[in-house]
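Position one of the sequence shown corresponds to residue 1390 (this note's numbering), numbered consecutively onward. Beta carbons are placed, not taken as given, at the ideal position from N, Cα and C, and that holds for glycine. Predicted model, so just to flag it, every value in this text is computed and none were measured. Scroll down for the structure; my scribbles are underneath it.
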Amino acid sequence: MKKDILEIIKEGIKSVDPLLCINRSVRLENDILVIKEKRYDLREFENIYIVGAGKASAKMAFAMESILGDKKFEGVVITKYKHLYKTRKIKVIEASHPIPDENGIRGTKKIIELLEKAKENDLVIVLISGGGSSLLVLPKQGISLEEKKKTDKLLLECGADIEEVNTVRKHISQIKGGLLAKKAYPAEVVSLILSDVLGDPIDAIASGPTSPDPTTIRDAIRVLERYDLKEKVPKSIITSLKKGETPKPKDKIFKRVSNFVIGNNKMALESSRKKAEELGYNTLLLSSYIEGEAKEVGKVLASIAKEIYYSDHPLKKPAAVISGGETTVTIRGNGRGGRNQELVLSAAIQIRGLDICIASVGTDGTDGMTDAAGAIVDGNTIKIANKKGLEAREYLDNNDSYSFFKAIDSLVYTGPTNTNVNDIQVILVK
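Below you can see the structure in the form of structure tokens.
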């Protein structure tokens, strides 16, 4: 079953490759750039600027270069280290993720320099993907990079979901929360977006650089209060939150802005489901909205697997249940791991001795601050671990799932995938 589960996940990731996603949504008909249902006559624009940020941005840039061919354009995109993809004209800058660094600031300043050249008769194409919030970074004046890094670390470790994290990020930034669109105004702006946020809210993906921001300064402060961070973040963050609101829906800067989601988690899950069907499984696409504490979600997925195992409900064996989304981990221990590994470790405890296989993998190829994409377990996992003297619950309590799975060779490695549409979970029951 492990071989099948890895094939199923691989197919899901392959389906949201940036090259495929852009080629499905964008084409050039002579001088007309067609993006989904909208048409842009390139003869009407004096200049074309391409900017972007995210784990998929370099490959998205390559895809746009291929479509535009010998048209005149220039651009800058920022991507995560080791996610480079060869481009001809568009400059690609590598930077740190999930904690930002100086390269991210340098890249963001280069993007702003380009946007400030844009005039009313220019076209700005923005390539947005998951990871953009950390890579597109320029804190408000008065906030140092170190203070921004400390704040990001606190937000990422407190158990807040990505929309809550990005609510704060938007209000301490000079580029997020619609401010990229403001810098491009009055040019025509079109954003191509690979979504890594549940439900594809444009304002939350990469902290919505080209979207009106429905959240407020008060919302950002509430997030800090909810997770007891108000006294922990640097004072400059609180001071900054009292100054200047992000642009809202009626702002004139959005009159010539169009946002298109060209890839998301649901697409990946549907491709995984079809692959499972080809392999002979009865399939169920459970949900693309999986969220919550990773170890609790692991228990829920294991309970669904056990229901199928014992009673052929909600579908008969052999069964494949596909789900996706993005869980969170509240860090209480001092171990190493990621949300996918923690979810699967929790599930492994529940399915001990049963003919069930469960995997959870980040489509970007990275789970937490590790080199693994996720992990895979079956009914024998706990037995194998016990023989090595490993106690699963101790590792789970210490948030040390990586060490546990490394010791029993159950980590899943994909390397950088150049895409990012949340996570994929697969349950197989025979």
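1761 is the residue among 1688, 1761 and 1778 whose C-alpha sits nearest the C-alpha of residue 1800. For residue 1522, same chain residues with a beta-carbon under 6 Å away, outside a window of 5 residues either side, are 1555, 1558, 1595 and 1596 in chain order. The alpha-carbon of residue 1506 is positioned some 52 Å away from that of residue 1392.
Shown here, residue 1746 sits in a strand according to DSSP, grouped into three states. Just so you know, the alpha carbons of residue 1628 and residue 1617 end up roughly 17 Å apart. If the five residues before and after residue 1542 are omitted, its C-beta is found closer than 7 Å to the C-beta atoms of 1488, all from its own chain and listed in chain order. Following the DSSP letters along the chain, one finds residue 1713 inside the beta strand (DSSP E) bounded by residues 1708-1714. By the Cβ rule, the region 1472-1481 does not count as touching the region 1416-1423, because fewer than three pairs are nearer than 8 Å. Remark: three or more beta-carbon pairs, one from each stretch, lie closer than 8 Å, so the region 1708-1720 and the region 1677-1687 are flagged as touching. Runs of the alpha helix (DSSP H) lying entirely within the region 1737-1788, each at least 4 residues long, are 1770-1776 and 1781-1786 in chain order.
By the neighbour-count definition (other C-beta atoms within 10 Å, threshold 16), residue 1786 is an exposed residue.
If you draw a 10 Å sphere on the C-beta of residue 1567, you find 16 or more other C-beta atoms in it, and that means buried. The region 1808-1817 makes contact with the region 1392-1402: 3 or more CB pairs, one atom from each, lie closer than 8 Å. Cβ-Cβ separation between residue 1466 and residue 1447: approximately 6 Å, consistent with a contact (criterion under 8 Å). In this model, residue 1604 and residue 1769 are separated by some 47 Å (Cα to Cα). Taken in chain order, the complete alpha helix (DSSP H) segments of 4 or more residues contained in the region 1513-1589 are 1521-1524, 1534-1546, 1551-1559 and 1568-1573. Residue 1804 sits exposed, since fewer than 16 C-beta atoms from the chains shown fall within 10 Å of its C-beta. For the pair residue 1516 and residue 1484, the CB atoms are not nearer than the 7 Å cut-off.
Counting along the chain, no alpha helix (DSSP H) covers residue 1473, and no H or E run does either. Approximately 6 Å separates the beta-carbon atoms of residue 1759 and residue 1725; this is inside 8 Å, confirming the contact.
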